[in-house]
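Under this note's numbering, the first residue of the sequence shown carries the number 1, and numbering increases by one thereafter. This report concerns only the one structure given below.
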Amino acid sequence: LYSREEVRKLSVKRITNPETFDALLHPNHGGLYDPVLGPTDRDDLCGTCGQNNFSCPGHFGHIELPLPVYH
């Protein structure tokens with residue numbers, strides 16, 4: 001289990017937008033499919049590492065919740 005601080009250090013983006021796609025079905029910035037988390041289309045490049053969807057390992061984002069969630 002990661003601590004709150006470790007999660008923030010590993011994360012490249014805070015997820016703040018509840019809308020995943022815009023009207024043209026492009027990923028919204030701050031959403032679950034933000035381009036900095038990794039490419040969602042084979043022709044896209046990652047907003048963090050610049051690699052395509054075959055080479056990019058994907059990057060962590062985080063959602064800050066008002067209360068702890070136990071699972």
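Built from N, CA and C at the ideal position, the CB exists for glycine as well. Because the structure is a prediction, the values reported are computed rather than measured.
Under the three-state reduction of DSSP, Val69 is assigned to coil, being neither helix nor strand.
Following the DSSP letters along the chain, one finds Val7 inside the alpha helix (DSSP H) bounded by residues 4-10.
Shown here for Leu10: same chain residues with a beta carbon closer than 6 Å to its own, the five before and five after excluded, namely Phe60 in chain order. Partner residues in the beta bridge of Phe60, as assigned by DSSP, are Ser11.
At the C-beta level, Val36 and Thr48 come within 8 Å of one another.
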